[in-house]
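Residues are numbered in this note's numbering as their position in the sequence shown, beginning at 1, plus a constant of 667. Built from N, CA and C at the ideal position, the CB exists for glycine as well. All remarks here apply to the structure that follows.
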Amino acid sequence: MGKDVIVALDFDSKEKTLAFLDRFTEEKPFVKIGMELFYAEGPSIVREIRARGHKIFLDLKLHDIPNTVKKAMAALSALDVDLVNVHAAGTGAMMSAALAGLTRPDGTRPLLIAVTQLTSTDQDMLEKELWIEKPIAEVVMHYAEIASIVGLDGVVCSPLEAGAVHERCGKNFLTVTPGVRFADGDVGDQKRVTTPAKAKELGSDYIVVGRPITQAEDPVAAYRRCVAEFVG
Ligand SMILES: O=c1ccn([C@@H]2O[C@H](COP(=O)(O)O)[C@@H](O)[C@H]2O)c(=O)[nH]1
Numbered sequence: 668m669g670k671d672v673i674v675a676l677d678f679d680s681k682e683k684t685l686a687f688l689d690r691f692t693e694e695k696p697f698v699k700i701g702m703e704l705f706y707a708e709g710p711s712i713v714r715e716i717r718a719r720g721h722k723i724f725l726d727l728k729l730h731d732i733p734n735t736v737k738k739a740m741a742a743l744s745a746l747d748v749d750l751v752n753v754h755a756a757g758t759g760a761m762m763s764a765a766l767a768g769l770t771r772p773d774g775t776r777p778l779l780i781a782v783t784q785l786t787s788t789d790q791d792m793l794e795k796e797l798w799i800e801k802p803i804a805e806v807v808m809h810y811a812e813i814a815s816i817v818g819l820d821g822v823v824c825s826p827l828e829a830g831a832v833h834e835r836c837g838k839n840f841l842t843v844t845p846g847v848r849f850a851d852g853d854v855g856d857q858k859r860v861t862t863p864a865k866a867k868e869l870g871s872d873y874i875v876v877g878r879p880i881t882q883a884e885d886p887v888a889a890y891r892r893c894v895a896e897f898v899g
């Protein structure tokens, strides 16, 4: 795994998704399949996109009691994907169970990362709605540390926190960072946001980009702009 742009395939059907991917005639982007597409199409969409040669981040953000997450991860381990995730808020016990469930009998498994705090959450929401009275960067760091201790491969955080996560958990501990917008783009529901260029400067390993690419007039050009800014 190296520095790359992950395109969030937030579509509600296979037809729209494949039509989008068909526009990429020269590149084979690393893609993210999230809840919208997975719930609409089921595991077959994962197999179909894999068969087209894409690397896949299956972003289902599991969050339940450890036993349930372990069993769900065992089911997901049958899918040939590169990256899957859970919510760190499920606790270290839940993350350990996820790791155990995901590991196949032959010892192989996709990489497993944990969402620290959603990039759509800001300090005010954290305090007033979640009743967590700590600076958000500290909360992210605390969740990242627990994920690292129980053996996960990295976290989902904002690019703003990527450098500190690497400092605390090591340079090989992955930072996968949504909340990315072009300098002239709409922020939408995202709160902890940077540009692709800034994400690079801050040390993110992967940026996850959805609407700035999928809703662009020319998605291939928008993707290339992300790659140029982030990978160089
Ligand atoms: O903290 C998180 C975790 C996941 N996401 C996902 O990333 C993409 C971002 O899409 P944009 O359109 O670029 O905002 C989306 O699929 C989210 O589910 C996140 O944004 N923040």
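By alpha-carbon positions, which one of 830, 766, 876, 739 ends up nearest to residue 676?
Measuring from the Cα of residue 676, the nearest candidate turns out to be 876.
One or two residues paired with residue 726 in a DSSP bridge
According to DSSP, which records beta bridges pairwise, residue 726 is partnered with 701.
Identify every run of the beta strand (DSSP E) within the segment 716 to 770, keeping only runs that are complete inside it and at least 3 residues long; order them along the chain.
Entirely contained in the segment 716 to 770, the beta strand (DSSP E) runs reaching 3 residues are, in chain order, 723 to 729, 750 to 754.
Taking just the CA atoms, how far does residue 801 sit from residue 682?
Straight-line Cα distance between these residues: approximately 44 Å.
To the nearest angstrom, report how far apart residue 722 and residue 694 are at their CA atoms.
Those two C-alpha atoms are separated by around 12 Å.
Given a cut-off of 8 Å, decide if residue 787 and residue 908 are closer than it, judged by their beta-carbon atoms.
With the chain covering only 668 through 899, there is no way to say anything about residue 908.
Using the Cβ count rule (16 or more neighbours within 10 Å means buried), how would you classify residue 863?
Around the beta-carbon of residue 863, 16 or more other beta-carbon atoms lie within 10 Å, marking it buried.
Can you tell me whether residue 887 is helix, strand or coil according to DSSP?
Three-state DSSP puts residue 887 in a helix.
Here's a check: name, in chain order, each residue in its chain whose Cβ is nearer than 8 Å to the Cβ of residue 712, leaving out the five neighbours to either side.
Once the five neighbours on either side are set aside, the close Cβ partners of residue 712 are 681, 684, 700, 704, 705.
Per-residue DSSP class, three states only, for residue 684
DSSP, read as helix, strand or coil, puts residue 684 in helix.
Residue range of the beta strand (DSSP E) that residue 898 falls in?
Going by DSSP, residue 898 is part of no beta strand (DSSP E) at all; its letter is neither H nor E.
Distance check for residue 750 and residue 771, CA to CA, integer angstroms please.
If I take the Cα positions, the gap works out to 14 Å.
Residue environment, residue 742, which counts as buried when at least 16 other CB atoms sit within 10 Å
Residue 742 comes out exposed.
Is residue 786 near ligand 2 - that is, is its Cβ less than 7 Å away from at least one heavy atom of it?
Ligand 2 is absent from the structure shown, which contains only ligand 1.
Outcome for residue 740 when other beta-carbon atoms lying within 10 angstroms are tallied against a minimum of 16
Label assigned to residue 740: buried.
Please say whether residue 867 and residue 828 have beta carbons closer to each other than 8 Å?
No. Outside cutoff.
Within 8 Å, strictly: CB atoms of residue 783 and residue 836:
No, the Cβ-Cβ distance between residue 783 and residue 836 is not below 8 Å.
What residues in its chain sit with their C-beta under 8 Å from that of residue 792, if we drop five residues either side in the sequence?
For residue 792, same chain residues with a beta-carbon under 8 Å away, outside a window of 5 residues either side, are 858 in chain order.
Would you decide whether residue 734 is buried or exposed? Buried here means 16 or more other CB atoms lie within 10 Å of its CB.
It counts as exposed.
beta-carbon residue 886 near ligand 1 non-hydrogen atom, thresh 7 Å
Checking every heavy atom of ligand 1 against the Cβ of residue 886, none is found closer than 7 Å.
Would residue 861 be called buried (16 or more neighbouring beta carbons within 10 Å of its own) or exposed?
Residue 861 should be labelled buried.
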